[in-house]
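Peer 1:
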Amino acid sequence: MAELRVCALYPDLMNIYADRGNMLMLQWRCAWRKIGFRLVGVGLGDELSSDEHDLFYIGGGQDRDQLLCARDLVEVKSGALHAAAERGAVVLAVCGGYQLLGHAYVLGAQEVAGVGLVDLRTVREEGPRLIGNVAIEVELDGEPGPRVLAGFENHGGRTVLGPGEQPLGRVLRGNGNDGASGQEGVRRGNVIGTYLHGPLLPKNAWFADWLIRRALGLDALEPLDDELERQAHLSARRAAGV
Amino acid sequence: MTDPRLDPRIALARGVAGVLRLGGRGATSLPGRLLMRLDRGALARLSGRLPQGSAVISATNGKTTTAAMAASILTGAGVRLVHNRAGANMAGGVASALLEALRRGGMTGELGLFEVDEFWLEQVVGELAPRALVLSNLFRDQLDRYGELETIADRWVQVVEGAPADTALALNADDPLIADLGRSRSGVLYFGVEDPTVALPGLEHASDSKHCRRCGTPYRYEAVYLGHLGVYRCPNCGAERPQPTLAAERVELRGLRGARFDLRHGQHRAAVELPLPGLYNVYNALSATALALSLGRSLAEAAAGLERVKPAFGRAETVMIGERRLAILLVKNPAGANEVARTLTLEAGEHDLLGILNDKVADGRDVSWIWDADFEVLAPRIRRATCTGTRAAELGLRLKYAGVPPARIRVEPALDAALDAALAGLPDGRPLYAVPTYTAMLSLRELLAARGQVRDSFA
Chain Z
198 MAELRVCALY PDLMNIYADR GNMLMLQWRC AWRKIGFRLV GVGLGDELSS
248 DEHDLFYIGG GQDRDQLLCA RDLVEVKSGA LHAAAERGAV VLAVCGGYQL
298 LGHAYVLGAQ EVAGVGLVDL RTVREEGPRL IGNVAIEVEL DGEPGPRVLA
348 GFENHGGRTV LGPGEQPLGR VLRGNGNDGA SGQEGVRRGN VIGTYLHGPL
398 LPKNAWFADW LIRRALGLDA LEPLDDELER QAHLSARRAA GV
Chain U
3 MTDPRLDPRI ALARGVAGVL RLGGRGATSL PGRLLMRLDR GALARLSGRL
53 PQGSAVISAT NGKTTTAAMA ASILTGAGVR LVHNRAGANM AGGVASALLE
103 ALRRGGMTGE LGLFEVDEFW LEQVVGELAP RALVLSNLFR DQLDRYGELE
153 TIADRWVQVV EGAPADTALA LNADDPLIAD LGRSRSGVLY FGVEDPTVAL
203 PGLEHASDSK HCRRCGTPYR YEAVYLGHLG VYRCPNCGAE RPQPTLAAER
253 VELRGLRGAR FDLRHGQHRA AVELPLPGLY NVYNALSATA LALSLGRSLA
303 EAAAGLERVK PAFGRAETVM IGERRLAILL VKNPAGANEV ARTLTLEAGE
353 HDLLGILNDK VADGRDVSWI WDADFEVLAP RIRRATCTGT RAAELGLRLK
403 YAGVPPARIR VEPALDAALD AALAGLPDGR PLYAVPTYTA MLSLRELLAA
453 RGQVRDSFA
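Line by line, the protein sequences give chains Z and U. Numbered continuously in the working numbering, the first sequence closes out at residue 439. Numbered continuously in the working numbering, the second sequence closes out at residue 461.
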């Protein structure tokens with residue numbers, strides 16, 4: 198029997214935007230298909246194993262907690278996370294977690310180093326926080342065509358991708374990475390970062406399935422009765438105006 | 003003394019209030035907002051006319067109910083009050099209440115009793131210089147509107163530091179974010195629950211302030227009462243819950259019917275039969291009692307007032323629709339939702355639920371929070387869930403992933419159709435539990451008023 202082994206990074210600290218919703222989606226959508234599901238939380242100071250998990254998740258946190266996690270990520274977990282990404286494990290980083298994926302997060306005079314899985318840099322600007330419903334269009338391998346991800350964003354940081362880096366999607370409504378580029382999130386292979394919380398997966402059940410497929414190396418999953426999931430997705434899209 | 007009503011700015015704002023009343027809009031915060039734009043010192047000048055000064059309550063959860071409880075205690079003790087209306091709790095709402103109370107040569111009331119929005123507390127306290135300030139809790143609420151919890155806590159440090167030395171400060175000992183505000187102040191009245199039998203098995207998922215306010219180490223909890231409220235200690239720096247001098251003991255939760263407990267303050271003790279449900283209302287009762295004690299009232303007066311209190315606007319209010327009973331339980335955030343879920347599990351049988359999830363500004367546009375609430379506790383007890391509101395389907399989905407079978411979940415975005423469907427399927431003699439967000443509660447009351455089932459949609 199297949200099993201999805203999920204590692205939640207800093208579940209006590211990086212959980213501000215109901216990140217549990219994302220975990221519940223993965224858990225139940227595996228369970229209904231008789232796919233095993235194992236969730237391990239790894240906190241500050243804990244060693245991280247690079248090959249015991251198929252999917253690494255990191256959510257959003259308050260500023261102070263995010264700084265604590267940034268340091269720990271670089272000092273304690275960087276090697277294992279890089280190794281996991283290289284062998285194709287899925288890394289999903291949302292909101293504050295997304296900011297930590299890059300090289301640096303600049304808060305005024307302070308520059309906080311990130312784990313550097315992707316080439317991006319985030320600057321906390323004086324301007325207003327970027328808050329609201331958001332919808333983006335994504336093109337993912339294994340999907341028949343462009344699809345929509347809907348969510349809610351709430352971030353003070355502006356994220357700029359390095360020259361070789363691809364965004365997760367194109368902004369249809371909302372602000373995205375910096376409110377100007379039209380880009381939202383980042384994707385390099387199975388490493389994904391995004392500002393869409395809301396939480397992301399309940400609003401986009403199809404994307405939860407895409408992540409499960411990528412994490413387990415499966416071409417297809419048994420279909421489920423997704424009537425409520427479909428309605429919830431449409432509800433979130435409507436809120437964003439798409 | 004000159005009549006303040008002759009001040010042209012006040013006259014204009016009062017005129018606007020009069021026009022709004024004629025238009026059937028009721029008093030809103032608009033006249034007060036207008037006045038404050040015309041006259042920045044208006045709050046201080048108007049509240050200065052209150053012979054007994056004012057008292058201020060703030061919290062994420064329970065402001066309105068606590069104010070209603072305090073009003074019941076104080077009016078029972080013969081104090082004439084000026085207070086703001088439910089929800090009108092920003093500076094403009096307070097100013098509107100003061101404007102409305104203005105009479106020739108004085109005020110209609112002796113004491114101002116104001117619930118104040120977390121974000122507006124600094125300004126309002128600065129201008130009112132209240133005699134008593136009661137701070138009850140800080141929970142994760144509307145992040146899209148308020149930013150992070152610690153940011154509000156930091157602002158409240160400024161509020162407390164800036165409050166006059168003779169303002170009596172009452173703080174919830176069980177909320178580490180609140181209790182720590184009293185760190186550098188003497189004479190603080192701390193209140194809390196002292197009853198391990200109502201403690202939870204552990205921290206709930208939505209718990210917010212799990213880490214020491216001073217050094218960042220996770221607190222150790224000897225007892226968790228509600229969210230992050232409980233008996234805590236930091237194993238690193240030793241910061242711990244202050245010993246409450248006002249406590250609720252021997253607490254007995256009786257489902258929706260209410261709660262019974264003993265209030266203890268020093269040598270004094272009083273039994274209370276509270277007609278409002280849940281441990282959250284025991285905390286509200288403690289806050290209201292702390293306010294009354296701070297103003298020199300007795301514990302006996304507090305207990306008597308608490309027993310007379312009526313549910314505030316949609317907070318555990320029951321409405322009869324023909325033979326059918328509709329109980330309305332406002333839910334605004336995960337901590338509140340968890341308490342409502344806990345209260346409903348104390349009621350026998352399987353429940354019919356009408357969940358109304360809106361995403362207007364006053365609800366919080368970000369509906370993420372439903373995934374932080376522990377609906378799992380309630381899921382096995384749900385017979386039928388009708389989900390409505392602007393984000394109906396997302397609430398339905400949340401319940402599905404909490405373990406409610408999809409066949410028991412119905413999504414009907416239109417409120418009137420949802421209410422009819424929920425009532426139509428209701429078994430004889432069973433109540434319908436409506437669980438609305440803030441604007442959803444207002445819509446529900448308006449709908450019921452339009453159907454003649456409640457007298458006044460702004461009761």
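We put the CB at the ideal spot given by N, CA and C, even for glycine.
1. Under 8 Å, CB to CB, which of the residues in the segment 414-437 of chain Z have a partner in chain U?
2. In the DSSP assignment, find the unbroken beta strand (DSSP E) run with residue 114 (chain U) in it and report its ends.
3. What residues in its chain sit with their C-beta under 8 Å from that of residue 6 (chain U), if we drop five residues either side in the sequence?
4. Within a Cβ cutoff of 7 Å, which residues of the same chain sit near residue 217 (chain U), ignoring the five residues on either side of it in sequence?
5. Within its chain, find whatever has a CB closer than 8 Å to the CB of residue 31 (chain U); leave out the 5 residues flanking it on each side and keep chain order.
6. From the DSSP output, in three-state form, read off residue 460 (chain U) for me.
7. Do you know how far the Cα of residue 40 (chain U) is from the Cα of residue 253 (chain U)?
8. Note down, in chain order, every chain Z residue with its Cβ under 8 Å from the Cβ of residue 395 (chain U).
9. What residue range is occupied by the uninterrupted alpha helix (DSSP H) comprising residue 283 (chain Z)?
10. Within the same chain, show all residues whose beta-carbon is closer than 6 Å to that of residue 393 (chain U), passing over the 5 residues directly before and after it, in chain order.
11. Could you check what DSSP says for residue 77 (chain U) in three-state terms: helix, strand or coil?
12. How about residue 328 (chain U) and residue 437 (chain U): do their beta carbons lie closer than 8 Å?
13. Going by beta-carbon coordinates alone, are residue 401 (chain Z) and residue 327 (chain Z) separated by less than 8 Å?
14. Using the beta-carbon of each residue, which ones in chain Z are nearer than 9 Å to residue 411 (chain U)?
15. Give me the Cβ distance between residue 345 (chain Z) and residue 312 (chain Z), rounded to the nearest whole Å; I'm assuming they're in contact under 8 Å.
16. Please report how far the alpha carbon of residue 291 (chain U) lies from the alpha carbon of residue 266 (chain U), in whole angstroms.
17. For a test of the three-state rule: what should DSSP assign to residue 3 (chain U), helix, strand or coil?
18. By Cβ distance, which residues of its chain are closer than 7 Å to residue 157 (chain U), with the 5 residues on each side in sequence left out?
19. What does residue 440 (chain U) reach in chain Z if we use C-beta pairs closer than 8 Å?
20. Applying the criterion that 16 or more other CB atoms from any shown protein chain within 10 Å of the CB defines a buried residue, is residue 76 (chain U) buried or exposed?
21. Given a threshold of 16 other Cβ atoms within 10 Å of its Cβ, counted over all protein chains shown, does residue 458 (chain U) qualify as buried or as exposed?
22. Of all the CB atoms in chain B, is at least one closer than 8 Å to the CB of residue 221 (chain Z)?
23. So, residue 408 (chain U) versus residue 221 (chain Z), is the Cβ gap smaller than 8 Å?
24. In the DSSP assignment, the alpha helix (DSSP H) including residue 162 (chain U) goes from what residue to what residue?
25. Determine the chain Z residues that contact residue 399 (chain U) at a beta-carbon separation under 7 Å, and present them in chain order.
26. Tell me the rounded alpha-carbon separation between residue 284 (chain U) and residue 389 (chain Z).
27. Which of helix, strand or coil does DSSP assign to residue 168 (chain Z)?
28. Nearest to residue 204 (chain Z) by alpha carbon, out of Z:349, Z:246 and Z:337?
29. Counting only beta-carbon separations shorter than 8 Å, does residue 408 (chain U) have a partner in chain Z?
30. What are the partner residues of residue 379 (chain Z), as DSSP defines its beta bridges?
31. Would you mind reading off the limits of the beta strand (DSSP E) that contains residue 2 (chain U)?
32. Any idea what DSSP makes of residue 308 (chain Z), helix, strand or coil?
33. Measuring CA to CA, which of Z:353, Z:417, Z:233 and Z:228 is closest to residue 296 (chain Z)?
34. Does residue 259 (chain Z) come within less than 8 Å of chain U when only Cβ atoms are used?
35. May I have the straight-line CA-CA distance separating residue 423 (chain U) from residue 225 (chain U), to the nearest angstrom?
36. According to the Cβ coordinates, are residue 294 (chain U) and residue 304 (chain U) closer than 8 Å?
Peer 2: In short:
1. Listed by position, the residues of the segment 414-437 of chain Z near chain U (Cβ gap below 8 Å) are 422, 424, 425, 426, 428, 429, 431, 432, 433 and 436.
2. Reading the second sequence from its first residue, position 112 is the one you call residue 114 (chain U). Its beta strand (DSSP E) spans residues 113-117.
3. Residue mapping note: residue 6 (chain U) aligns to position 4 of the second sequence, counting from 1. Closer than 8 Å at Cβ, skipping near neighbours: 12, 47, 48, 51 and 104.
4. As a working note, residue 217 (chain U) is residue 215 in the second sequence. The answer, listed in chain order, is 236, 238 and 239.
5. Here residue 31 (chain U) corresponds to residue number 29 of the second sequence, with the count starting at 1. Hits under 8 Å: 90, 92, 94, 95, 97 and 98.
6. Looking up residue 460 (chain U) in the second sequence gives position 458. Residue confidence for residue 460 (chain U) is low, a pLDDT of 39 falling below 50, so the modelled location carries little weight; the figure read from the coordinates is stated next. In the structure shown, residue 460 (chain U) sits in coil (DSSP, three-state: anything other than H, G, I, E or B).
7. On the second sequence, residue 253 (chain U) is found 251 positions in, with the first residue counted as 1. On the second sequence, residue 40 (chain U) is found 38 positions in, with the first residue counted as 1. If you draw a straight line from the Cα of residue 253 (chain U) to the Cα of residue 40 (chain U), it is about 49 Å long.
8. Counting from 1 along the second sequence, the entry for residue 395 (chain U) is found at position 393. By Cβ distance, chain Z contributes 425, 428, 429, 431 and 432.
9. Your numbering for residue 283 (chain Z) matches position 86 in the first sequence. Where residue 283 (chain Z) is concerned, the enclosing alpha helix (DSSP H) stretches over 275-283.
10. On the second sequence, residue 393 (chain U) is found 391 positions in, with the first residue counted as 1. Hits under 6 Å: 359, 361 and 369.
11. Residue 77 (chain U) sits at position 75 when you count from the first residue of the second sequence. Of the three classes helix, strand and coil, the one that applies to residue 77 (chain U) here is helix, per DSSP.
12. Mapped onto the second sequence, residue 328 (chain U) falls at position 326. Mapped onto the second sequence, residue 437 (chain U) falls at position 435. No, the Cβ-Cβ distance between residue 328 (chain U) and residue 437 (chain U) is not below 8 Å.
13. Within the first sequence, numbered from 1, the residue matching residue 401 (chain Z) stands at position 204. Within the first sequence, numbered from 1, the residue matching residue 327 (chain Z) stands at position 130. In this structure, residue 327 (chain Z) does not lie closer than 8 Å to residue 401 (chain Z) by Cβ.
14. Position 409 of the second sequence, counting from 1, holds the residue named residue 411 (chain U). Within 9 Å of the CB of residue 411 (chain U), the CB atoms of chain Z belong to 425, in sequence order along the chain.
15. Numbered from its first residue, the first sequence carries residue 345 (chain Z) at position 148. Numbered from its first residue, the first sequence carries residue 312 (chain Z) at position 115. The beta-carbon distance between residue 345 (chain Z) and residue 312 (chain Z), rounded to whole angstroms, is 29 Å. This is too long to meet the 8 Å contact definition.
16. Residue numbering aside, residue 291 (chain U) sits at position 289 when the second sequence is read from its first letter. Residue numbering aside, residue 266 (chain U) sits at position 264 when the second sequence is read from its first letter. About 10 Å.
17. Residue 3 (chain U) sits at position 1 when you count from the first residue of the second sequence. Bear in mind that a pLDDT of 48 at residue 3 (chain U), under 50, signals an unreliable position, so the number given afterwards is only what the model happens to contain. Reduced to three states, the DSSP call for residue 3 (chain U) is coil.
18. Along the second sequence, read from residue 1 onward, the residue named residue 157 (chain U) stands at position 155. Beyond the five residues adjoining it in sequence on each side, residue 157 (chain U) comes within less than 7 Å, by CB distance, of 124 in the same chain, given in chain order.
19. Numbered from 1 along the second sequence, position 438 holds the residue referred to as residue 440 (chain U). Here the premise fails: no neighbours, minimum Cβ distance about 17 Å.
20. Start at 1 with the first residue of the second sequence, and residue 76 (chain U) comes out as number 74. Result: buried.
21. Translated into the one-based positions of the second sequence, residue 458 (chain U) becomes position 456. Legend: pLDDT at residue 458 (chain U) = 47, less than 50; position of this residue unreliable, value from coordinates given subsequently. Exposed is the call here.
22. Protein chains in the displayed structure are Z and U, and chain B is not among them.
23. Here residue 408 (chain U) refers to the residue found at position 406 of the second sequence. Here residue 221 (chain Z) refers to the residue found at position 24 of the first sequence. Going by C-beta atoms, residue 408 (chain U) is not nearer than 8 Å to residue 221 (chain Z).
24. Indexing the second sequence from 1 puts residue 162 (chain U) at position 160. DSSP places residue 162 (chain U) in the uninterrupted alpha helix (DSSP H) bounded by 151-164.
25. Counting from one through the second sequence, the residue named residue 399 (chain U) turns up at place 397. Going along chain Z in sequence order, the residues near residue 399 (chain U) (Cβ under 7 Å) are 399, 425, 426 and 429.
26. Looking up residue 284 (chain U) in the second sequence gives position 282. Looking up residue 389 (chain Z) in the first sequence gives position 192. Going from the Cα of residue 284 (chain U) to the Cα of residue 389 (chain Z) covers about 46 Å.
27. In the structure as shown, chain Z starts at 198 and stops at 439, and residue 168 (chain Z) therefore has no counterpart that could be examined.
28. Position 7 of the first sequence, counted from the first residue, corresponds to residue 204 (chain Z). Relative to the Cα of residue 204 (chain Z), the nearest Cα in the group Z:349, Z:246 and Z:337 belongs to Z:246.
29. Taking the second sequence and counting its residues from 1, one reaches residue 408 (chain U) at position 406. At a cut-off of 8 Å between beta-carbon atoms, residue 408 (chain U) makes contact with chain Z.
30. Residue numbering aside, residue 379 (chain Z) sits at position 182 when the first sequence is read from its first letter. Answer is none; residue 379 (chain Z) lacks a bridge partner.
31. What the structure shows of chain U is the stretch from 3 to 461, and residue 2 (chain U) is not part of that stretch, so it cannot be assessed.
32. Numbered from 1 along the first sequence, position 111 holds the residue referred to as residue 308 (chain Z). In the structure shown, the three-state DSSP call for residue 308 (chain Z) is strand.
33. Mapped onto the first sequence, residue 296 (chain Z) falls at position 99. Out of Z:353, Z:417, Z:233 and Z:228, Z:353 has the C-alpha closest to the C-alpha of residue 296 (chain Z).
34. Here residue 259 (chain Z) refers to the residue found at position 62 when the first sequence is read from its first residue. Interface flag for residue 259 (chain Z) against chain U is set, since a Cβ pair is found closer than 8 Å.
35. For the purposes of this step, residue 423 (chain U) is taken as the residue at position 421 of the second sequence. For the purposes of this step, residue 225 (chain U) is taken as the residue at position 223 of the second sequence. Straight-line Cα distance between these residues: approximately 42 Å.
36. Taking the second sequence and counting its residues from 1, the one referred to as residue 294 (chain U) is at position 292. Taking the second sequence and counting its residues from 1, the one referred to as residue 304 (chain U) is at position 302. For the pair residue 294 (chain U) and residue 304 (chain U), the CB atoms are nearer than the 8 Å cut-off.
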